[in-house]
Structure formats: structure tokens, C-alpha cells
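As numbered in the working numbering, residues 7 to 307 make up the sequence shown, in order.
Note that CB positions come from ideal geometry on N, CA and C, so glycine has one too.
Encoded as C-alpha cells, the structure appears first; notes follow it.
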Amino acid sequence: MRAADIVIVNGEGTLHDATRQAKALAEVGPFCRDAGVPSVLINSVYERNDAEIATACRSFDKIYVRESISAYEAREAGLQVEVVPDLTLSSDVMAAFRAKPRVAGIVITDNANRDVGRRAMEEALVRKDVSFLHLDTSEPNNPFMAKATSPEFVFMNTGRVTEPPPPQRRTSTAFRAFRKSLLKPHMLRRMKMIRQLNEPLSSAQILSRIATSRGVVAGRFHAVCMSMLSDTPFAAMSSNTSKMKGMLTDAGAARFLTDDPKAAFHVIADWKDSDHVAVAAYVEKARRDAKAMFDAIASLL
């Protein structure tokens, strides 16, 4: 980093609860300041952190958070921040899937909040039109990034490598699904759920499932983002931070956030034309704001 022209930290969902990972990310700011290298924190959550993290973050030249709740908490901690919606909303990855015909079923995703996710899955088991989706891809490389634009090297816990190792493949045998479902309600559906949630999928398969479904009950923040990009009706369920609530409030779509599983499936059928218009407007704003952000970052060089 000492030899870089600028260091850009993609915060994503790490900066919350003053975790070890949050502290490590925040410490990039003081490191770069001492090295005389400009640094920027972008695309970040900020929630329930301590004074140590706030102090470290003041060393960043600019800070951009993804939604208004993170902005409020960061400002309360004395940080100067701007809001730019999640950068996936500036992506065109869903364009290839939007023209595909929709199916009649609803997709429900996994959730980092185990309690909320468990209740949602139990409700989904009683519905025959629901399939189950885990958002972990099985691909070793980013299929949407040309090799020429890939990073020159990557730092892992084990040190510097030319490329990250492939993700661990999710696997589930038929016996394991049977054992975990035995003597439980909806045994056959439960077996199917376990198999689908452990099925190794490519990025294209995951995105296609979201783009072609009648609706998505999203326990993952980026499942909502992909639903927005594909104009797929969704219901969002809270995860491990307030980022979902913050984004949907900013988008004028807060009524689609619920932790009641029955209500989640109900609101998917309650989408109106005005909701699609509001979400499309939010996506366009996200793209404008992202361009302005990168122009501002370029001015630091």
C-alpha cells in the first residue's frame, strides 16, 4: 500500500459491532495517512462501532456509506460521510437475464440472521411455489471481470497470492438431507430445501433465478439489490445490521421490509406500478451518485 497512488477500501458489510474484522479495515486509514498515501472508504455500512474505530476512520480522506442509517451513526461518531447507494446497483450484470421469461414461483434466500432466516424457511416449507437459494457462488473467479482488469495480486491471511483460492464448494448428500429432515414436519419439502440451499451454483445461475422468479423473499442485502436491477418484486427481511432498512427507506420502499414471514410472502403480491417506478428511480440515482463519487476520488490523485 505504501507504493500505491491511492488506496480504496470497499467496506461492504464489515464495519459494524466493533468486530476484529471491522477494526482491521478501519486501521487502513491511519496506515495510509502515516505512509502519505490518500485513502478512501467506500460502499460501507457503519453501525454499533466504538470510539477506537471512529478515530481510525477519521484518517480516511473521504468516507462513503451505502444508506442513511449508516450515515447517521457515522456522523454521530464525528465522521464526515456521504451516502452513495450500494455499488452493485451501478452494475449491468442483470441485463443478460432481464429478458428471460418469469416463472410462477417465489425464491427465498438464506439470511445471516439465523433466527429470522429460520422462521422464514419454516414458513416457506408450507408453500409449494417456493424454491430455496443460497447466494454463495461456486466459481473460483469473477465471471463478470475481464482478465485484463483483474487485480495484479491479492492478500489473504496466508500472505500475497496471484489470485484468491476458489470458494469452498457447498455440498449436501441425499443421506444428510434425509437425516436432518427425519421425523420433522414437511419432511420431503425439508429434504428439498436442504439440497437446494447446499447446491453449488454459478453466478449466472444465481442471478437468473432472481431475475426470472415471480418474487424474492430476500434475507440477503445483495439479493434485494439484484431484485432491484432485474425489476423483480421482493420482500426484504432484516439481517445482521440495519443496512436493509436504511436502503429501502432511502429508496421509498420501506413497506417491503418485514420480519413476519407470512407478511413477506403477502407483500410480494402487493407490488404496484408506482413501486417499480420508485425502485427504478433509486437505481438511476445510485448510478449518478457512484459516478460523482469516483470523480471526487479521482480528484485526490
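**Prompt:** Can you tell which of 303, 229 and 282 has its C-alpha closest to the C-alpha of residue 116?
**Reply:** Indexing the sequence shown from 1 puts residue 116 at position 110. Selected option, being the one with the closest Cα: 229.
**Request:** Measuring alpha carbon to alpha carbon, tell me which of 155, 304, 289 and 90 ends up nearest residue 295.
**Result:** Here the question's residue 295 lines up with position 289 in the sequence shown. Selected option, being the one with the closest Cα: 90.
**Spatial neighbours of residue 28 in its chain, beta-carbon cut-off 8 Å, leaving aside the 5 residues before and after** = Position 22 of the sequence shown holds residue 28. The answer, listed in chain order, is 20, 21, 22, 55 and 59.
**Same chain only: Cβ atoms within 8 Å of residue 182, ignoring 5 sequence neighbours per side** = Position 176 of the sequence shown, counting from 1, holds the residue named residue 182. Around residue 182: 200.
**Asked** When you compare each of 129, 84, 258 and 30 to residue 272 by their alpha carbons, which one comes out closest?
**Response** Mapped onto the sequence shown, residue 272 falls at position 266. Closest option to residue 272, Cα to Cα, is 129.
**Request:** Whole angstroms is fine: what's the gap from residue 253's alpha carbon to residue 293's?
**Result:** Here residue 253 corresponds to residue number 247 of the sequence shown, with the count starting at 1. Here residue 293 corresponds to residue number 287 of the sequence shown, with the count starting at 1. Using only the alpha carbons, I get a separation of about 14 Å.
**Request:** Starting from residue 233, follow the alpha helix (DSSP H) in both directions and report where the run begins and ends.
**Result:** Taking the sequence shown and counting its residues from 1, the one referred to as residue 233 is at position 227. It spans 227-236 - the alpha helix (DSSP H) in which residue 233 sits, taken as one unbroken run.
**Item:** Rounded straight-line distance, which links the Cα of residue 83 to that of residue 14
**Value:** Counting from 1 along the sequence shown, the entry for residue 14 is found at position 8. Counting from 1 along the sequence shown, the entry for residue 83 is found at position 77. Cα to Cα, the separation comes out at about 21 Å.
**Asked** Among all the DSSP beta bridges, which residues are the ones paired with residue 68?
**Response** Translated into the one-based positions of the sequence shown, residue 68 becomes position 62. In DSSP, residue 68 forms a bridge with 46.
**Request:** Note down, in chain order, each residue of its chain lying with its Cβ closer than 7 Å to the Cβ of residue 16, except the 5 sequence neighbours on either side.
**Result:** On the sequence shown, residue 16 is found 10 positions in, with the first residue counted as 1. Cβ neighbours of residue 16 beyond the five flanking positions: 48 and 49.
**Request:** Check each candidate in 220, 142, 231 and 134 and name the one with the smallest Cα separation from residue 192.
**Result:** By 1-based counting over the sequence shown, the position of residue 192 is 186. Minimum Cα distance to residue 192 is reached at 134.
**Asked** Which stretch, first to last residue, makes up the alpha helix (DSSP H) that contains residue 203?
**Response** Stepping through the sequence shown from its first residue, residue 203 is reached at position 197. Unbroken alpha helix (DSSP H) run through residue 203: 193-203.
**Message:** If I measure Cβ to Cβ from residue 217 and keep anything under 7 Å in the same chain, skipping five residues before and after, which residues do I get?
**Reply:** For the purposes of this step, residue 217 is taken as residue 211 along the sequence shown, with counting starting at 1. Contacts found: 100, 103, 104, 106, 236 and 238.
**Message:** Let's see if you can read the secondary structure: which residues bound the alpha helix (DSSP H) around residue 271?
**Reply:** Working through the sequence shown from its first residue, we reach residue 271 at position 265. First-last of the alpha helix (DSSP H) with residue 271: 267-274.
**Message:** For residue 79, which residues in the same chain have their Cβ closer than 7 Å to its Cβ, ignoring the five residues on either side in sequence?
**Reply:** As a position in the sequence shown, residue 79 is number 73, starting the count at 1. These residues qualify, in order along the chain: 52 and 53.
**Prompt:** If we count Cβ pairs, one from each stretch, closer than 8 Å, do we get three or more for the stretch 33-47 versus the stretch 239-250?
**Reply:** no
**Asked** Which residue or residues does DSSP assign as beta-bridge partners of residue 166?
**Response** As a position in the sequence shown, residue 166 is number 160, starting the count at 1. Answer is 161, bridged to residue 166.
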